[in-house]
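Below is one structure, written out as structure tokens, with a few remarks after it.
This is the structure:
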């Protein structure tokens, strides 16, 4: 059975609950799970989860997660920033430049269809590519650190591609409480 | 004339073994040729070791289970035994054993010593030749009875196959509990048959890929501590832990050199990972690869002269071999798919790996020059082989599709005799200990 679990160790767990609730709603109307941020409800007007733009105060972690989108997705074994991910990262950079008190950790993740050591390195490569893209968009490097979790922290746990595509991701986690 | 007593190095077993008989090695009639692909298991009768309190039967049961699990022996059901008064003091009635087709016979006894230790003795007989093949005795603290049983099983295995046994060994692995998205991982250590599980970490930090040092006293592994994930070293005796090296980034995928002097590992630098060796005494580090790619899973050849590793420098992950100084990097895997987690056999003749091909995860072996590739098992997810110290058996972890988590399996080099290793919860990343010489 398809099951969606909560994201790992995040200060924005509450917002994630809402975000994933959105994606769960979306699933009911689709054959496969969405595999990009906007379809997950992370990039656009949230609404259904109860954390739409109206509910998340600007500059809060909820605002970032729900209205900006805290994660991007990758193709298998790839660390190239896809077009949909570029849009999300551009929004992230704008937001981070607007709220400069936040520092961030970019978490790189891989799906389960790889071996452990390679996936650790692949997650690191994805985190680095994400950070580099944000840096190109003007986010100072000294506000960003990266970490790789390899395949150790999937958000979607099933044994088919609908989950794997969600687990190949980079998540931008806010560290400093900015406002 | 007694054989020289051999001292078992581990302090737990204060034992000396000595031959119980005086013969020069008998000419064995029975002989198991384990070099062929299709081995007919040897019928063997293992009588309950005589004892006053049932410990003898427990030792016999462990010996029987070890030999049976190897796939090379077919222990005979004791219900079929004709001679019931089997004693290590008397020559067996061989006709009673040949008639039930027991080609080999084991008898033994456990007796308490005045100092509280156990004296465990056994004899191994060739029933058709009517000869004793082996006889030894050991002294051990009662709590180490399982270890004595494994040592006896090793002796029997070695005498009948001509190859070193691997039963008196341990496995360090990662114990997994909790949901898949919030998995709690602990380092655990157990006997190779799954007994005596002990946890080495508490589960607060994510831990991965433990590997034994050659003297079995240390484990190197990757841990996500408070800050950057790093390679650590754990002293099994004291529980003392330390970070290996002072690298400017994440280190992972560690493994000891065969002499135990170095740890080889990957260092993440920006988008790339490269392989470094660190001398544990001088703390000097040597960079061995330098590519804009992922180079990881390094493993030394048993003579320490070469290193096999995986790299995606050519696109997909493939296996490469280089000299220990980093020179002469040569790709060795060319099959359809990608290859990773290479491990060099303790015998030096083969490299085991995980292969991804056609949506399947396979465990296979190839020669160090890349020739002779053979797939031993294939399925939804098989990963991370580790060699038994005699180079005949591999252990790995399997995550069956739809299962809640991974479990440990062993498989013979022939690809036959797959066995599940029971563990208290899900288990992954096994690493087999070397044997004690």
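Chains as they are written, first to last, in my numbering: chain A, 490 to 668; chain B, 970 to 1406.
Even for Gly, the Cβ is constructed at its ideal location relative to N, Cα and C.
Small disclaimer: the values here were computed from a predicted structure and weren't measured.
Inset, instruction - Please go through the same chain and pick out, in chain order, the residues whose beta-carbon is closer than 6 Å to the beta-carbon of residue 1043 of chain B, but skip the five residues on each side of it. - result: Here residue 1043 of chain B is taken as the residue at index 74 of the second chain, counted from 1. For residue 1043 of chain B, where only same-chain residues beyond five positions count, the Cβ hits under 6 Å are 1010, 1012.
Legend entry - Backbone secondary structure at residue 1277 of chain B - three-state DSSP: The sequence position of residue 1277 of chain B within the second chain is 308, counting from 1. Correct three-state label for residue 1277 of chain B: strand.
Inset, instruction - Select from the stretch 1166-1189 of chain B all residues with a C-beta closer than 7 Å to any C-beta belonging to chain A, and list them in chain order. - result: 1175, 1177, 1178
Inset, instruction - Please list the partners that residue 1398 of chain B has in chain A, where partner means a Cβ-to-Cβ separation under 8 Å. - result: Walking along the second chain from the start, residue 1398 of chain B turns up at place 429. Chain A residues near residue 1398 of chain B: 605.
Inset, instruction - Locate the alpha helix (DSSP H) running through residue 574 of chain A, then write down its first and last residues. - result: For the purposes of this step, residue 574 of chain A is taken as the residue at position 85 of the first chain. Residues 572-587.
Legend entry - Residues, ordered as in the chain, of the stretch 1229-1253 of chain B that lie near chain A by beta-carbon distance below 8 Å: 1235, 1237, 1239, 1240, 1241, 1242
Inset, instruction - Could you have a look at residue 1117 of chain B and say whether DSSP puts it in helix, strand or coil? - result: Along the second chain, one-based indexing puts residue 1117 of chain B at 148. In this structure, residue 1117 of chain B counts as helix in the three-state DSSP scheme.
Inset, instruction - Identify whether residue 1245 of chain B lies in helix, strand or coil by the three-state DSSP scheme. - result: Counting from one through the second chain, the residue named residue 1245 of chain B turns up at place 276. DSSP places residue 1245 of chain B in strand when its eight states are reduced to three.
Inset, instruction - Taking residue 614 of chain A as part of the alpha helix (DSSP H), name the residues at either end of that continuous run. - result: Residue mapping note: residue 614 of chain A aligns to position 125 of the first chain, counting from 1. Its alpha helix (DSSP H) spans residues 605-625.
Legend entry - Inter-residue spacing [alpha-carbon to alpha-carbon] between residue 1179 of chain B and residue 1057 of chain B: As a working mapping, residue 1179 of chain B is identified with position 210 in the second chain. As a working mapping, residue 1057 of chain B is identified with position 88 in the second chain. Approximately 42 Å between the Cα atoms of the pair.
Legend entry - Partners in chain A for residue 1221 of chain B, counting only beta-carbon separations shorter than 8 Å: For this step, residue 1221 of chain B is matched to residue 252 along the second chain. By Cβ distance, chain A contributes 606, 609, 610.
Legend entry - Against chain A: residues of the stretch 1263-1278 of chain B by CB proximity under 8 Å: 1263, 1265, 1266
Legend entry - Buried or exposed (CB count within 10 angstroms, at least 16 for buried), residue 1217 of chain B: As a position in the second chain, residue 1217 of chain B is number 248, starting the count at 1. Flag for residue 1217 of chain B reads exposed.
Legend entry - Proximity of residue 1329 of chain B and residue 1308 of chain B at Cβ, strictly below 8 Å: Position 360 of the second chain, counting from 1, holds the residue named residue 1329 of chain B. Position 339 of the second chain, counting from 1, holds the residue named residue 1308 of chain B. No.
Inset, instruction - Flag residue 1352 of chain B as yes if its beta-carbon sits less than 8 Å from any beta-carbon of chain A, otherwise no. - result: Your numbering for residue 1352 of chain B matches position 383 in the second chain. Answer yes: the Cβ-Cβ gap between residue 1352 of chain B and chain A drops below 8 Å somewhere.
Inset, instruction - Could you confirm whether any beta carbon from chain B is found closer than 8 Å to the beta carbon of residue 613 of chain A? - result: Numbered from its first residue, the first chain carries residue 613 of chain A at position 124. Output row for residue 613 of chain A: interface = yes.
Legend entry - residue 1025 of chain B, enclosing alpha helix (DSSP H) - first and last residue: Counting from 1 along the second chain, the entry for residue 1025 of chain B is found at position 56. Start and end: 1024-1038.
Inset, instruction - Grab the span of the beta strand (DSSP E) containing residue 1091 of chain B for me, first residue to last. - result: Here residue 1091 of chain B is taken as the residue at index 122 of the second chain, counted from 1. Counting along the chain, the beta strand (DSSP E) containing residue 1091 of chain B begins and ends at 1087-1095.
Legend entry - chain A contact for residue 993 of chain B (CB, 8 Å cutoff): For this step, residue 993 of chain B is matched to residue 24 along the second chain. At residue 993 of chain B the pLDDT is 40, less than 50, meaning the model places this residue with poor confidence; the figure from the coordinates comes in the next sentence. For residue 993 of chain B, the answer is no, since every Cβ of chain A falls outside 8 Å of its Cβ.
Legend entry - Proximity to residue 1080 of chain B [Cα-Cα], best of B:1073, B:1069, B:1026, B:1201: For the purposes of this step, residue 1080 of chain B is taken as the residue at position 111 of the second chain. The shortest C-alpha separation from residue 1080 of chain B is found at B:1026.
Inset, instruction - Verify whether the separation of the beta carbon atoms of residue 1094 of chain B and residue 1105 of chain B is less than 8 Å. - result: Indexing the second chain from 1 puts residue 1094 of chain B at position 125. Indexing the second chain from 1 puts residue 1105 of chain B at position 136. Going by C-beta atoms, residue 1094 of chain B is not nearer than 8 Å to residue 1105 of chain B.
Inset, instruction - In angstroms with no decimal places, state the Cα-to-Cα distance between residue 512 of chain A and residue 643 of chain A. - result: Within the first chain, the letter at position 23 stands for residue 512 of chain A. Within the first chain, the letter at position 154 stands for residue 643 of chain A. Annotation note: pLDDT 39 at residue 512 of chain A (below 50); position unreliable, coordinate value reported separately. If you take the alpha carbons of residue 512 of chain A and residue 643 of chain A, they lie about 15 Å apart.
Inset, instruction - Using a cut-off of 7 Å between C-beta atoms, extract the partners of residue 1371 of chain B located in chain A. - result: For the purposes of this step, residue 1371 of chain B is taken as residue 402 along the second chain, with counting starting at 1. Those within 7 Å of residue 1371 of chain B in chain A are 648.
Legend entry - Sequence-distant residues of its chain with Cβ nearer than 6 Å to residue 1119 of chain B (five each side left out): As a first step, residue 1119 of chain B must be located in the second chain, where it is residue number 150. Counting only Cβ-Cβ distances below 6 Å, and skipping sequence neighbours, we find 1136, 1137.
Inset, instruction - Note the first and the last residue of the continuous alpha helix (DSSP H) segment covering residue 1063 of chain B. - result: As a first step, residue 1063 of chain B is located in the second chain; it is residue number 94 there, counting from the start. Taken as a continuous stretch (DSSP letters only), the alpha helix (DSSP H) holding residue 1063 of chain B covers 1063-1067.
Inset, instruction - Check each candidate in B:1271, B:1177, B:1325, B:1264 and name the one with the smallest Cα separation from residue 1295 of chain B. - result: As a working mapping, residue 1295 of chain B is identified with position 326 in the second chain. Out of B:1271, B:1177, B:1325, B:1264, B:1264 has the C-alpha closest to the C-alpha of residue 1295 of chain B.
Inset, instruction - Determine which residues share a DSSP beta bridge with residue 1383 of chain B and list them. - result: Position 414 of the second chain, counting from 1, holds the residue named residue 1383 of chain B. In DSSP, residue 1383 of chain B forms no bridge with anything.
Inset, instruction - For residue 1394 of chain B, return the contacting residues in chain A, with the cut-off set at a CB-CB distance below 9 Å. - result: Counting from one through the second chain, the residue named residue 1394 of chain B turns up at place 425. Here the premise fails: no neighbours, minimum Cβ distance about 16 Å.
Legend entry - Environment of residue 551 of chain A [buried if 16+ CB atoms lie within 10 Å]: Along the first chain, one-based indexing puts residue 551 of chain A at 62. Buried is the call here.
Legend entry - 8 Å Cβ cutoff met for residue 571 of chain A and residue 659 of chain A: The count along the first chain starts at 1 and reaches residue 571 of chain A at position 82. The count along the first chain starts at 1 and reaches residue 659 of chain A at position 170. No; because the gap between Cβ atoms is not below 8 Å, this pair is not in contact.
Legend entry - the stretch 1166-1178 of chain B contacting the stretch 581-597 of chain A, beta-carbon criterion three pairs below 8 Å: no
Inset, instruction - Using a cut-off of 8 Å between C-beta atoms, extract the partners of residue 617 of chain A located in chain B. - result: As a first step, residue 617 of chain A is located in the first chain; it is residue number 128 there, counting from the start. The contacting residues are 1239, 1240.
Inset, instruction - Could you tell me whether any Cβ in chain B is nearer than 8 Å to the Cβ of residue 673 of chain A? - result: Any property of residue 673 of chain A remains undetermined from this structure, which presents chain A solely from 490 to 668.
Legend entry - From B:1281, B:1395, B:1029, B:1030, residue whose alpha carbon lies closest to that of residue 604 of chain A: Locating residue 604 of chain A in the first chain gives position 115, counting from the first residue. Of B:1281, B:1395, B:1029, B:1030, the residue nearest in Cα terms is B:1281.
Inset, instruction - Spell out whether any CB of chain B is found under 8 Å from the CB atom of residue 628 of chain A. - result: Counting from one through the first chain, the residue named residue 628 of chain A turns up at place 139. It does not: the Cβ of residue 628 of chain A has no partner Cβ on chain B nearer than 8 Å.
Legend entry - Cβ of residue 642 of chain A within 8 Å of any chain B Cβ: The count along the first chain starts at 1 and reaches residue 642 of chain A at position 153. Yes - at least one Cβ of chain B is within 8 Å of the one on residue 642 of chain A.
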